[in-house]
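Visitor: The numbering of the sequence shown is UniProt numbering, which starts it at 1 and goes up by one. Sharing a structure with you now.
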Amino acid sequence: MKLYIGNKNYSSWSMRSWVLLKAFGIAFDEIKLRLLLTPGSAFYKALETVTPAARVPVLVEDDGFAVWDTLAIAEYIAERHPEAAIWPREARARGRARSLCAEMHAGFNALRGRCPMNIEARLHEVGAQQLEADPALRRDLARIEELWTDALQASGGPWLFGTDFGAADAFFAPVAMRVRSYGLPLGPAAAAYVGRLEQHPAVAAWIADALTEQDFIPEDEPYRSKR
């Protein structure tokens, strides 16, 4: 399989699928495209041959069959690899894990807009300013902490649904990167979970690649002048 992704420093959606595949040792070839979203760019030219959505990530089989969107990719991987606990084995835990992923997938617009993923950056002052300015961002952060804390308490941790890292953890890995970059405040349990995510081998490998990338795209650097 091939996984098309964007810059590791910025592409939060790409991070989910890449981390999930790496965490379960599922072999794939990485094809990284520069996340330059201008009409006619090499990014769009490369994707137009593999997916009508023209977005990353997209997972492509050897025969050209493509699956795009992070939720669809997670479900496809789970079906292709039933031996891997992509989702929890127990039905109710599985339903709750899907609920968390769907809420992340569709929501938290203030967090996405105010604190775009930028792994290389340290923007704690910006994070404090954004939190003070935007009640919606504060609500997003409170809701994320609630989701994490409830799941960890119910499962016993260390991951959201117990002893095994799964799709829900991969989906929230980009949120942990935002917490890290912008110094967003969390309670002890949620902050400890962020630390565990950072140290997971698949997440740590993505971070290491992002830090060595050094490919700065102005459209993805709204706060660079403030650093």
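A virtual CB, placed ideally from N, CA and C, is assigned to each residue, including glycine.
1. Is the CB-CB distance between residue 282 and A151 below 8 Å?
2. How is the beta strand (DSSP E) around A66 delimited, first residue to last?
3. How about the segment 160 to 174 and the segment 89 to 104: do they share at least three Cβ pairs that are nearer than 8 Å?
4. Residue ranges of each alpha helix (DSSP H) run of no fewer than 4 residues wholly in the segment 118 to 169, ordered along the chain?
5. Examine the Cβ distances between the segment 22 to 36 and the segment 213 to 226 and report whether three or more of them are shorter than 8 Å.
6. Take P158 and list the residues in its own chain whose beta-carbon comes closer than 6 Å to its own, dropping the five residues that flank it on each side.
7. Which residues share a DSSP beta bridge with Y182?
8. Within its chain, find whatever has a CB closer than 7 Å to the CB of E213; leave out the 5 residues flanking it on each side and keep chain order.
9. Grab the span of the alpha helix (DSSP H) containing V60 for me, first residue to last.
10. Given that a residue counts as buried once 16 or more other Cβ atoms are within 10 Å of its Cβ, and exposed if not, what is H124?
11. Could you spell out the range, first to last residue, of the beta strand (DSSP E) harbouring Y223?
12. What do you get for L211, buried or exposed, if any count of 16 or more other CB atoms within 10 angstroms of its CB means buried?
13. Could you pull out every residue in the same chain whose Cβ sits closer than 6 Å to the Cβ of K2, ignoring the five residues on either side in sequence?
Guide: According to the structure data:
1. Residue coverage of the chain in this structure runs from 1 to 227, which leaves residue 282 outside it and unanswerable.
2. Secondary structure note for A66: its beta strand (DSSP E) is the uninterrupted segment A66 to W68.
3. In short, these stretches touch, since the Cβ pair count reaches three.
4. Within the segment 118 to 169, the complete alpha helix (DSSP H) runs of at least 4 residues are 124 to 133 and 135 to 155.
5. Contact between the segment 22 to 36 and the segment 213 to 226 is established, with three or more Cβ pairs separated by less than 8 Å.
6. Within the same chain, P158 has close Cβ partners R196.
7. Y182 is not bridged to any residue.
8. Here the set comprises N7, K8 and N9.
9. For V60, no alpha helix (DSSP H) segment is defined; the enclosing uninterrupted segment is the beta strand (DSSP E) at V58 to V60.
10. So H124 counts as exposed.
11. If you look at Y223, you'll find it isn't in any beta strand (DSSP E); DSSP assigns it neither H nor E.
12. L211 should be labelled exposed.
13. Residues D29, I31 and V60 of the same chain have their beta carbon placed closer than 6 Å to that of K2, with the five preceding and five following residues left out of the count.
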